[in-house]
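Trainee: All residue numbers for the sequence shown refer to my numbering, where the first residue is 599 and numbers rise by one.
One structure, pasted below without further comment.
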Amino acid sequence: MNILILGGDGYLGWPTAMHFSQMGHAVTVVDNYFKRHAGLELDFESLIAIPNLTRRTKAWKEITGKEIKHYIGDITDYNFLKDVFITTQPDTVIHYAEQPSAPYSMISRDKAAKTLQNNLTGTLNIIYAIKETVPNCHLIKLGTMGEYGTPNIDIPEGYIDIAHNGKTDKFLFPRQGGSLYHTTKVQDTDMIWFYVRTWKLRATDLMQGPVYGISTDESAQDVRLTPSFHYDEIFGTVLNRFIVQAVCGHPITIYGKGTQIRGYLNIKDTLACVYLSAMNPPEGGTLNIYNQITETFSVLELADKVSAAAKSLGYEVTIKHIENPRIEKEEHYYNPTYTTLKGLGLTPNLLTNEILVEMLKTVLLYKDNISVDSIFKGIKWK
Ligand code: USQ
Numbered sequence: 599m600n601i602l603i604l605g606g607d608g609y610l611g612w613p614t615a616m617h618f619s620q621m622g623h624a625v626t627v628v629d630n631y632f633k634r635h636a637g638l639e640l641d642f643e644s645l646i647a648i649p650n651l652t653r654r655t656k657a658w659k660e661i662t663g664k665e666i667k668h669y670i671g672d673i674t675d676y677n678f679l680k681d682v683f684i685t686t687q688p689d690t691v692i693h694y695a696e697q698p699s700a701p702y703s704m705i706s707r708d709k710a711a712k713t714l715q716n717n718l719t720g721t722l723n724i725i726y727a728i729k730e731t732v733p734n735c736h737l738i739k740l741g742t743m744g745e746y747g748t749p750n751i752d753i754p755e756g757y758i759d760i761a762h763n764g765k766t767d768k769f770l771f772p773r774q775g776g777s778l779y780h781t782t783k784v785q786d787t788d789m790i791w792f793y794v795r796t797w798k799l800r801a802t803d804l805m806q807g808p809v810y811g812i813s814t815d816e817s818a819q820d821v822r823l824t825p826s827f828h829y830d831e832i833f834g835t836v837l838n839r840f841i842v843q844a845v846c847g848h849p850i851t852i853y854g855k856g857t858q859i860r861g862y863l864n865i866k867d868t869l870a871c872v873y874l875s876a877m878n879p880p881e882g883g884t885l886n887i888y889n890q891i892t893e894t895f896s897v898l899e900l901a902d903k904v905s906a907a908a909k910s911l912g913y914e915v916t917i918k919h920i921e922n923p924r925i926e927k928e929e930h931y932y933n934p935t936y937t938t939l940k941g942l943g944l945t946p947n948l949l950t951n952e953i954l955v956e957m958l959k960t961v962l963l964y965k966d967n968i969s970v971d972s973i974f975k976g977i978k979w980k
């Protein structure tokens, strides 16, 4: 297949590109280096220095003999994006090219506007590029479990049947994002659903939980292939942050009570889920929505697991509850369904002590790179 990966420099985009390339597909990636620029502005860096795409793709070619093409540019520039579609003629486009941070979207009006502009215009442009150049192309969009919020009812995979005044119909499950970032993902879903109905687009929207992990089968071959790994307050996901905190002796930063529950997955499972989605495209006019998580934990459970794993390596970890900078329910019901991807063949890499120890050992190798100042700055929701 011709695979086009938008956001191919990111934490998930680059490992996804290597994975599809390894599996024998023709891969092209696009990125505007948004996160690299944001890091310069806001003072954070990936724990392990990551070569730019020219160098990463060169290293990939040297190590595997396989080619990943890349373009540096902004998908909100429609002419640029359309040219990429015309040149690459993708069978599948995988859309990671979004501003992915909830805290970033809450820093200021400008950052909120940047998030809206990037995420919504980007998605609209992709939909138009598909319609105008490759109408049969399968759009795989990374959504988020945070679109559903934490409702007091079970969370199905995307849709809900509603009976009202004696009649029934099927709708998108009600969404209520917990940040402006999450809200743009809700809007993306709505927009894709509209064009699926109107233009018979074929699309898969993956409702993903926070991802953890620092290496994949492909990246393990050479340090130059390593994924970007962020542990700062803005771009680090919670478990990756806790691992780095344990290594550098920073107290583990539990927001509020820590009883917030989310669905999590290993970065290796992200690749497997996206791959399975690409191999199982829907018919035109269908929007498949899958919940992309493998297990659920409270923040406290994650802190305890990291603490136990660090202890087994001789590290004492302190756990600190800090006033929650976010507006989110801390005690809530949480019962999402996540069976479809397993039905398609996903064999989850569940969170074991062994995996945590492996992550801790990798981070220990780069301990000197940790910038303690970027761990917590206190970006508040209000
Ligand atoms: N949390 C802490 N301490 C920390 C950081 C986070 O207690 O130091 C808590 C948060 O309050 C939240 C939970 O951990 O309750 C998860 O936080 P997170 O920062 O890992 O996740 P989130 O901001 O929701 O965003 C991340 C990714 C985003 C993705 C989302 C999936 O950045 O791109 O969409 O996970 S989900 O959370 O299911 O919406």
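Note that beta-carbon positions come from the ideal geometry of N, C-alpha and C, so glycine has one too.
Predicted model only: the values in this text are computed from it and were never measured.
1. Name the residue from S644, D788, G807 and N947 whose alpha carbon lies nearest to the alpha carbon of F771.
2. When DSSP labels each residue in this structure, what does E929 get in the three-state scheme?
3. Please go through the segment 803-853 and give each complete beta strand (DSSP E) segment of 3 or more residues, from N-terminal end onward.
4. Can you tell me which of V784, E639 and Y746 puts its alpha carbon nearest to the alpha carbon of T935?
5. Have a look at Q785, K980, S905 and L823 and flag the residue whose alpha-carbon is nearest the alpha-carbon of G608.
6. Please state whether the Cβ-Cβ distance between L804 and S875 is less than 8 Å.
7. Consider the C-beta atom of R773 and the heavy atoms of the ligand USQ; say whether any pair is separated by less than 7 Å.
8. Let me know if S992 comes out buried or exposed under the rule of 16 or more other beta-carbons within 10 Å of its beta-carbon.
9. Report, in whole angstroms, the separation of the C-beta atoms of H736 and D689, which I expect to be a contact under 8 Å.
10. Taking just the CA atoms, how far does T662 sit from H623?
11. For L799, does the count of other Cβ atoms within 10 angstroms reach 16, so buried, or fall short, so exposed?
12. Return the Cβ separation of V915 and V842 in integer angstroms, given the expectation that the two are a contact with Cβ distance under 8 Å.
13. Measuring alpha carbon to alpha carbon, tell me which of I751, D672, Q858 and P880 ends up nearest N717.
14. Could you check whether the Cβ of S969 sits closer than 7 Å to any heavy atom belonging to the ligand USQ?
15. Helix or strand or just coil, what does DSSP make of F974?
16. I'd like to check one pair, L898 with G856: are the Cβ atoms closer than 8 Å?
17. For H930, which residues of its own chain have a beta-carbon under 6 Å away from its beta-carbon, when the five flanking residues on both sides are left out?
18. What are the uninterrupted segments assigned as beta strand (DSSP E) that are 3 or more residues long and contained completely in the segment 717-768, given in chain order?
19. With DSSP collapsed to three states, give me the class of D629.
20. How should T796 be labelled, buried or exposed, when 16 other C-beta atoms within 10 angstroms of its C-beta is the threshold for buried?
21. Nearest CA to the CA of V625: which residue from A636, N750, D641 and T685?
22. Helix or strand or just coil, what does DSSP make of T796?
23. Kindly list the residues whose CB is nearer than 7 Å to the CB of H848, restricted to its own chain and excluding five residues on each side of it in sequence; keep chain order.
24. Closer than 7 Å: is that where the CB of I852 sits relative to any heavy atom of the ligand USQ?
Mentor: The answer reads as follows:
1. Along the sequence shown, one-based indexing puts residue 771 at 173. The residue with the shortest Cα to Cα distance from F771 is D788.
2. For the purposes of this step, residue 929 is identified with residue 331 of the sequence shown, where counting begins at 1. Looking at E929 - three-state DSSP - the assignment turns out to be coil, as it is neither helix nor strand.
3. 850-853
4. Here residue 935 refers to the residue found at position 337 when the sequence shown is read from its first residue. Nearest option by C-alpha distance: Y746.
5. Walking along the sequence shown from the start, residue 608 turns up at place 10. Among Q785, K980, S905 and L823, the Cα nearest to that of G608 belongs to L823.
6. Position 206 of the sequence shown holds residue 804. Position 277 of the sequence shown holds residue 875. Yes, the pair counts as a contact, with Cβ atoms nearer than the cut-off.
7. If you number the sequence shown from 1, residue 773 lands on position 175. It does not: the Cβ of R773 is nowhere closer than 7 Å to a heavy atom of the ligand USQ.
8. With the chain covering only 599 through 980, there is no way to say anything about residue 992.
9. Mapped onto the sequence shown, residue 736 falls at position 138. Mapped onto the sequence shown, residue 689 falls at position 91. That belief holds up - the Cβ atoms of H736 and D689 are roughly 7 Å apart, short of 8 Å.
10. Residue mapping note: residue 623 aligns to position 25 of the sequence shown, counting from 1. Residue mapping note: residue 662 aligns to position 64 of the sequence shown, counting from 1. Going from the Cα of H623 to the Cα of T662 covers about 13 Å.
11. Taking the sequence shown and counting its residues from 1, the one referred to as residue 799 is at position 201. It is buried - the Cβ of L799 has at least 16 other Cβ atoms within 10 Å.
12. Looking up residue 915 in the sequence shown gives position 317. Looking up residue 842 in the sequence shown gives position 244. V915 to V842, Cβ: 12 Å. No contact.
13. Counting from one through the sequence shown, the residue named residue 717 turns up at place 119. Ranking I751, D672, Q858 and P880 by Cα distance to N717 puts D672 first.
14. By one-based count along the sequence shown, residue 969 stands at place 371. For the ligand USQ, not one heavy atom lies less than 7 Å from the Cβ of S969.
15. Counting from 1 along the sequence shown, the entry for residue 974 is found at position 376. Here F974 sits in coil by DSSP.
16. Numbered from its first residue, the sequence shown carries residue 856 at position 258. Numbered from its first residue, the sequence shown carries residue 898 at position 300. Yes, the Cβ-Cβ distance between G856 and L898 is below 8 Å.
17. If you number the sequence shown from 1, residue 930 lands on position 332. If we look at H930 and ignore the five residues flanking it on each side, its Cβ neighbours are T748.
18. 736-742 and 757-762
19. On the sequence shown, residue 629 is found 31 positions in, with the first residue counted as 1. D629 falls in the strand class under three-state DSSP.
20. As a first step, residue 796 is located in the sequence shown; it is residue number 198 there, counting from the start. Classification for T796: exposed.
21. Position 27 of the sequence shown, counting from 1, holds the residue named residue 625. When each option's Cα is compared against that of V625, the closest is T685.
22. Within the sequence shown, the letter at position 198 stands for residue 796. If DSSP states are grouped into helix, strand and coil, T796 belongs with the helices.
23. Taking the first residue of the sequence shown as 1, we reach residue 848 at position 250. Within the same chain, H848 has close Cβ partners V970 and I973.
24. As a position in the sequence shown, residue 852 is number 254, starting the count at 1. Yes, the ligand USQ has a heavy atom inside 7 Å of this Cβ.
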